[in-house]
Structures are given as C-alpha cells and as structure tokens.
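Protein chains in written order, with our numbering: chain E, 1 to 734; chain V, 1001 to 1091; chain P, 2001 to 2121. The beta carbon of each residue, even a glycine, is placed where N, CA and C say it ideally should be. The structure presented is a predicted model; accordingly, all values stated were derived computationally and were not measured. What follows is one structure encoded as structure tokens, with my remarks underneath.
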Amino acid sequence: MDAFEAIKVTFFQECDELLADLEAKLMLLEQGQTDLETINAVFRAVHSVKGGAGAFGLEALVRFAHVFETLMDELRSGRKPCDTITIKTLLRASDVLADHIQAAQGLIPQVDEGRSAALVAELEMLTHGGEAPPAVEDEDDDFGFMPMAFDMALDEPVAAPEPELEAVGWRIVFKPMGRMYANANETGLLLRELGRLGPTTVVLDDSETPTLDALSVEDGCLTWTVDLDAAVDEAALLEVFDFVESDCELAITPLGGASNMNAPFEDEPAAVLPASDDLDIAALLAKASGAVADPVPETIPFAAIEPEPAPAVATPAPTPVAAAPVAASASVAPAPVTIRVDLDRVDRLINVVGELVIQQAMLSQRVLESGLARSSGIALGLEDLELLTREIQDSVMAIRAQPVKSVFQRMPRLVREVADMVSKQVRLVTVGEDTEVDKTVVERLAEPITHMLRNAIDHGLETPDERIAAGKSAEGTVRLAALHRSGRIVIEISDDGRGINRERVKKIAIDKGLIAADAPLTDEQIDNLIFAPGFSTAAVVSDISGRGVGMDVVKRSIQALGGRISISSVPGKGSTFTLSLPLTLAVLDGMVVAAAEQTLIAPLPTIVESLTPQAADLHFVGGVDPVIRFRDRFLPLIDVALIMGFREQPMNPTDGVAVVVETEGGQQAALLFDAIQGQRQVVIKSLETNYQQVEGVAAATILGDGRVALILDVDVIVTDMRRKSIRPDFKLAS
Amino acid sequence: MSETLILAEVLDLNAAQPLKAELLALRGHALTLDASAVERLGGLCLQILMSARKTWAADGVNLSLGSVSQYWTEQWAALGAPDFNNEGALA
Amino acid sequence: MTKTVLTIDDSRTMRDMLLMALEDAGYTVIQAVDGVDGLETLAARGADVIITDINMPRMDGFGVIEGVRADPNHRTTPVLVLTTESDVEKKARARAAGATGWIVKPFDPAKLVDAVRRVAA
C-alpha cells in the first residue's frame, strides 16, 4: 500500500470517528442543547470530512458536505435559528453524509441520488431562508476542486506556467508597509522568490527614509525596484506577492518589446495595487506587541461571524504565551495521547498471556504436588508470580476493551429509519454508552441490538393513534442501556409499548406444536416462547424487524458469545429485553468441580452458594425429581453428571456437593457435583472451533495439570436440559 | 574618537526598536558598525541602518562599516542596497 | 540544517498529509492536534514555520496566530493558515490577526512546500 492509500485509509477511519461525533452532537442539539460549542463541533466534523474528501478528489462527497457545512455556518453565526425542523433535517443529512462516505469508500455501490438531492434542496432551503439559493454554481466553483491533486511526486520543479506573452521581462516596484513585517513576511524572501524566476537587478530607494529621530520603526519607508530579465507569466509574479499584496504598494509593468500585453497594462502601465484593508493599523501593532487585551479587534470585518469559544490568548501577554492558553482551557481535557496498534499484535499478545496463565497454573500445581511447604520460598515466589500474571492478563485485556458507544451511535439512524417506515414516532434514549467491553463483543453486539430495536419499534410500540387512545403520548420511547453487572455486561432494550400479547403468543406456540395445548406456563415462560426455534415465521415477521430472522437466531448468536437473553413484559406498559454477555471472550472466573471423573467449570458469576446436602433437606417430587431446601424454599436439584450422560445412575445427593446457581432470568436451581476442587481464572478455548458444540457446555479450558475441563452453560442446564429430563410433557420442539 | 557598535546576530522585527535606540544613543559620535556576527537582516532594520546613514551624513559625522559576515555581504547585495560607506564618509 | 515545521490540525488525515509532503521535501515536522497543543508545542520545541488549521476545538487558528504574534520569543515565526476554500472573510481575519500566508485546501503538495519555502527564512 503506498503512502497515498495509507492516508486514505486514515481518512476513512477518521470519517467514522467524525460521523460518530457528529451523531452524538446532533443528538445533543435534538435534546435542546443548542449552545454554540455544540453547533461548532457539528460544523467542524462536517468541515473536516469535506477537507479530507477534497484532497482525495471525492467530488460527490465534497459537494454534499459543502451544502451541509454552509447551513452549519449560518447556524453558528446565529443568522439562522437552530430550531426543531432544522435539527431534524441535519440528522437526516448526517445519514446521507454517512452514505456518501460509504459510497466513496466503495462499501455501498452508490448513494440514493434522489434522497441526496432532496436533502441538498432542504439544506439549501434552510440556508437561504426559503428563497432560491443565489448562484449556487458560482459558489461551488469557489472551493476549487483539485481531483487527486495530492501527487506525491515532489521531484519536479515548481515550474511557472509557460509564458504566453512575448514580454521580455518585468519591472516590479514595491514598497512594504510595516504590517508586512509584523506578519513575519520579509522583503529579502520576496526578492529571493523573484530571483527564482530569473535574473534580477535590485535597486533600493531610500529617498523617503527620514533621519533617525523622525523614523517610526514600524512603518515602511523603503521602495525596491526589481527588473526581472525573464519572460515569465504575470501570474507567477503575482503569486510571489500573493501573501503580501495588501501589505505593500505594488506595481508591475512589462519591460522590453512586449506587444500583446494584458489589457489593464496597456491602459495603465503602472497598475498600482493599493493596500485595501480597512484595518486599524495602530490597533494591530499594539496587538502585535501584546498591549491590547481584546482578542478580536472590532475593526476586523465579520469578526462576529465566528464567535468561537473564547480564545485562550485573550489575556494580554507580557505573560508567556503558552501559559495563558493552558490556564484558560484547564477545564477542557487534552486529547489523550494514543498509539495505533495492529489488532493482530494485540491478539497475539493475548494468546501468549493466556498460555502464560496456563503455564503458571501448571507450575503451581507441580510445586504443590512436590510436597513443598506453602511457606517455602518457591511457593511464595509462585504466589507473587500468580499475582503478576493476573495483572498482566487484566492489562492486556484492557487494551481490547472499548466503549459500546461505537455500536450505540449507529442506532439513532436505525431508529429514525424504522420509525419513518412504520409511521411511528419514536424517541431513542441511550444510557451507559461509555460502558467498556471486549472489542469482539462490541462488534458482535451490533446485530442483535439492531434486530431487537427494530422489533421494539415494529412490534413493541403502538401507532400514535393507538397510543393516544391508550392514554399515552403519541411518541413512544425506546431505551437502550448498557451497564456492568457482576462481571458481565448487560444490555437492556426496553420500550413503553403494548407489551407481549400472551394469548397470541401462546396460541401461535400451540399451533406450531411448540408446546402442548394444556401446558401450564407462567407468564415469564410464555414471554420467552418468542425465542423458541420455529416460533417466528413469515406470518408474524414484517419486513422491518424480520428480514427472515427470528428471535431464536438472535438468541443463538448471543449464546455463541457466552451470553443470555431474556424478556420481561407488562401488558400495556411495554417490554424489556435483557442481554447479558461476558466482558471478554478470553477469560472467566470459575469454580472447578468434579462430576463422575470429569472436571467441569461452573462460571463464578452464576453461583449463589454451595452447600452439602443433608438428608433432611431433600425431597423427591413425585418420588423422582429431587428438590433441596435452600433459604426456606425448595430448589430443583440437578445431577449434572447424570443429565450430561457421564453416568447412568443418579448419585446419592448426600455424597456430593450442591452448588446453587442463578440463571440470567433469575431462576435458581441447585447443581449436584461429586466435589468442589477450587476456584480459578481459566482461559476460554472455544469448543465450536475445537470440538462440536455440546449442549450444556459453553466452552472448554485447559487446567494447570494439562487436563481439558468443560465450562458449563448454567442457563441451558437449568432451563432447557432440566425440562427435557424431567418434564417430557413440556418440551420445546427442536 | 570613534565608537564601535556590534550589530546583533539577528536583525529582525524584534531587533528594530533596540537597534534604533542604540544608534540614537550614539548620535553625534563617529561610529563604526561591526556586522561580522549578523546572520539575519530584515527590512525594518535595513530601514534603520539607511536612516542612520542619512542621519550621520546630515550631522557631518563619520559612519562606516567595519568587518562584515559573509551573510551580510550577500544579503546587502540581494537587497539592492548602496555601498554603506560612500555617502556616509562624505561630510 | 533542516528547518522545522509545526503543523497544527485536529484532523489526523490532514496531519498525515502535511507530514508526508513536508518530510518528503526535507523538513522536520512536529505536530499538534489543536490550538492549545500548538502553542504549548511551540513554546517547548520552537519552529521555523507554523502551519495551522482554522477550525479546531479548544483554540482555533486565529487564536494560534494571535498567540504567536503576542509571544516575544516567536512573534517573527511565519504562520501559514490552512483554509478550505479561498474564503475572503477568513483570509482577511487571519491576516489581521497576523498570518503570514495561507494554503488553500485541498492542497497540492508542491504548492504546500512552495508556500513554506516562500516564508521560511
């Protein structure tokens, strides 16, 4: 990849960040935070997209961004109000801007031209206050495209354009004013540049220079006459004086036998370009010497257009300049210092650290087996090593942790689009977008969240009329929240819609043979039927939320991440989907247990308590299904080795250990094992990639002694498998 | 009795006011400018030097240039400035 | 001795572009991500030429120019301003604040290097 392409990659990465920022700031505007800094931030984001796009000759993107930017400029100048209609348009414009960026990137074949044109028209309408935009085409010319102008070959000399004139040479007479020097331009440099165009003869005229007592140090009183003996284009000459033309008196006349001069010079041989700035020189000079406090002199035209955040140099500066801005901006966090690292490198590091953890555990085990005293130097050293290893692992995992913001920020657009499609009014509230989770988890959250949001708007929320009839506001609210809870990340998607129609769900489930017609189901069980494979069909899935994917698929994709999903619903009030995922897919705190010769891991977050079953606490429902008393309640007691097929006959509960676990849905049960061997952090090895998926098993790990241990999927064991084993009459179809 | 003024290395915007002050303080004295250290000469200081040249000539006092740096020689020529000593020595 | 250019821009893309063009032309480049960072970097490391964007968080390009011109140590340092369009108002304001020159984005690297050379003493 050449350098140019590398920068282009950077540009598109930056575009993603800018779009995310844009979206976030537009949301603030929508929430009524229409302060100048927010509007300015929106302007800057669009402006930066346009700037980069221009460099890469992405014309369609530049044109759209330009129209967008122009409106933002009106808003930040206060010439146009930032009202609700405008903000709605800006939100849709940001969506189209995103499309343009994707198209420029080749991610989508093309932008919906009709939509883009319609928004351009809307933006221009808002910019020009309902009048037809004056001379839009001229305006477009103003930002001069330079398609693919960024040619990295710098070897070629910067040749002046081929002379079209017969001029033999030029006479340049110029007299710098004091402010030319104040702006750090220098006569010597200008003369040097002229010298690059051809041989020059320079004559200094000091006739206007007064004696020292009358000399004002900051006024110009020298005039230079330069004869350039080269037939260059006049434009090349003007370019030399481009930066200083209003800071000096300048006259350029052709020399020699030139016959076809530019018209102005035929008429007026000495075309003097007068200094035309209406600046208060005294104020400027005073400012240059640091004597004036006003950061934006009022004499400067249009100073009011850009009331940017109070420039930090506002303080008059006999104080060192650097100190003032620091103090003035102390409340603003500086941009964090970052490096970009290839993800592969991080993952390699994580893998190696995973091996280190295993190796360290194995070593500890060996030392233990060798019979060394726990207080021996080696054992103590190993303990320290274990702490260090753990710390390294945490630090490494933190590298991959990212806020869920990147996913959450994509959702407002989705909500707008779905709401438009189904003609509902929806307000999206997001909470906890800074919650961090492993990068892989973040990436794989997008699809289920998208699906569930669609579902919430399409099925959960009522139409505005229905809502008003039900005594609610016409606008429905969908809430998307992320939080950390007991070592996992929980995503909640709730709506204030109609809630689950349990009668209907039950009827569908019966019709599809998913449940027996007389199955005694709790409300919660009915609600969760929507996750049953085969529940969703074309009959209930609309274009919006369906796309041919049922909630069972969502559930499976969540489970593949080691996650759980559940729903709770209140008729007439709304539904809440709760998604719970591990923070990382790489490590897990677990309890090591033995079940019929097998070593298993029970994830620590699911464990409530462990206890030794006493005969008095045990009961057998119907003489078969064991239950155990736990805190004045009876919990089902599940013989794990039995249901997983490790042994044929149930064990005697009083010979083993019961571990009380709780599912994501809040269901409790006691798992019966032979013995508890300890607790430890284990490195998760995916079973799917290494073995076939086994029901009731989430993943596997390698223990310190080198044995493979299966990590239990507690939810599956407690809900699905138990039902299968003990309630053949109530069985979910597979 | 002739004074010598050693010119600063950098004669830019910042050096203009001090240079003028130094020269004014030496007005009326025969003066030699030592430009052997000069590595930068800007337009504003050139003005002051040209003004000094006029001032000393008007006062009928001798002002001359002593040793110069290579930069000075080149830059003085590039700026199209006249020989510093000629006129100054007239009076 | 190679000359040092301080580039101040909040856009990574733009910083990368400036870096590449200027380093190819033999300049040493130091970077800052906004106006405040720019003035701090200037105070700490100095520069022969400054190139600054206008629209930036924390402190904009006008603030940078005014800060440079008010600093006795650096007031003679040339400051080139990046403008996206040949915006007359911005140019006038930048010049009034003390800008030495400007570079119109999107820029041709040759033009950029040209502009730096023109103002670099």
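Check, Outcome
"Short Cβ contact (7 angstroms threshold) for residue 676(E) with residue 575(E)", "no"
"Proximal residues to residue 331(E) (C-beta, below 8 angstroms), its chain only, five neighbours per side dropped", "Because residue 331(E) sits at a pLDDT of 44, beneath the cut-off of 50, its placement in the model cannot be relied upon, and the following sentence gives the value as read from the coordinates. If we look at residue 331(E) and ignore the five residues flanking it on each side, it has no Cβ neighbours."
"Beta carbon of residue 617(E) nearer than 7 angstroms to that of residue 663(E)", "no"
"Buried or exposed (CB count within 10 angstroms, at least 16 for buried), residue 351(E)", "exposed"
"Residue 8(E) classed as buried or exposed, judged by whether at least 16 other C-beta atoms fall within 10 angstroms", "buried"
"Per-residue contacts from residue 1051(V) into chain E (C-beta, under 7 angstroms)", "209, 210, 211, 212, 215"
"Among 117(E), 446(E), 483(E), nearest to residue 557(E) - alpha-carbon criterion", "446(E)"
"First through last residue of the alpha helix (DSSP H) which encompasses residue 2018(P)", "2012-2024"
"Touching by the beta-carbon criterion (3+ pairs, under 8 angstroms), the stretch 641-656 of chain E and the stretch 563-573 of chain E", "no"
"Three-pair Cβ contact test at 8 angstroms for the stretch 464-482 of chain E versus the stretch 406-417 of chain E", "yes"
"Which listed residue (62(E), 33(E), 341(E), 31(E)) has its alpha carbon closest to that of residue 15(E)", "62(E)"
"Neighbouring residues, chain E, relative to residue 1048(V) (Cβ below 8 angstroms)", "212, 215, 217"
"Where residue 249(E) falls: helix, strand or coil (DSSP)", "strand"
"Residue-chain proximity (residue 388(E), chain B), Cβ-Cβ < 7 angstroms", "In the structure shown, chain B does not exist; the protein chains are E, V and P."
"Sequence-distant residues of the same chain with beta carbon closer than 6 angstroms to residue 589(E), five excluded per side", "604, 681"
"C-alpha distance - residue 290(E) paired with residue 1057(V), whole-angstrom precision", "Annotation note: pLDDT 44 at residue 290(E) (below 50); position unreliable, coordinate value reported separately. Spanning the two alpha carbons is a distance of roughly 36 angstroms."
"C-beta neighbour in chain V for residue 2004(P), strict 7 angstroms", "no"
"Nearest-angstrom Cα separation, counted from residue 709(E) out to residue 700(E)", "6 angstroms"
"Proximity to residue 736(E) [Cα-Cα], best of 637(E), 591(E), 529(E), 46(E)", "Here chain E comprises residues numbered 1 to 734, so residue 736(E) is not present and cannot be evaluated."
"Extent of the continuous alpha helix (DSSP H) run through residue 454(E)", "439-455"
"CA nearest to the CA of residue 79(E), picked from 39(E), 209(E), 478(E)", "39(E)"
"Beta-carbon proximity list for residue 103(E), same chain, < 6 angstroms, skipping 5 on both sides", "110, 111"
"Residue 1049(V): first and last residue of the uninterrupted beta strand (DSSP E) it sits in", "Residue 1049(V) -> not in any beta strand (DSSP E); alpha helix (DSSP H) instead, spanning 1043-1059."
"Whole-angstrom distance between residue 84(E) and residue 234(E), CA atom to CA atom", "52 angstroms"
"Beta carbon proximity, residue 2076(P) to chain V, threshold 7 angstroms", "yes"
"C-beta neighbour in chain P for residue 44(E), strict 7 angstroms", "yes"
"Sequence-distant residues of the same chain with beta carbon closer than 6 angstroms to residue 171(E), five excluded per side", "227, 253, 255"
"Helix, strand or coil at residue 48(E) according to DSSP, with G and I counted as helix", "helix"
"For residue 433(E), the three-state DSSP class (helix, strand or coil)", "coil"
"Residue 76(E) versus residue 420(E) - alpha carbon distance", "29 angstroms"
"Contacts that residue 2121(P) makes with chain V (C-beta to C-beta distance below 7 angstroms)", "1040"
"is_contact[residue 777(E), chain P] using C-beta, thresh 7 angstroms", "This structure does not reach residue 777(E), given that chain E is present from 1 up to 734, and the question cannot be answered."
"Other residues of its chain near residue 135(E): CB distance less than 8 angstroms, five sequence neighbours each side excluded", "Because the pLDDT at residue 135(E) is just 45, under 50, the model does not fix this residue reliably, and the point stays unresolved."
"Alpha carbon of residue 418(E) to alpha carbon of residue 2003(P), nearest angstrom", "56 angstroms"
"Helix, strand or coil at residue 409(E) according to DSSP, with G and I counted as helix", "coil"
"Where the beta strand (DSSP E) through residue 2056(P) begins and ends", "It is not in any beta strand (DSSP E) - residue 2056(P) carries neither H nor E in the DSSP assignment."
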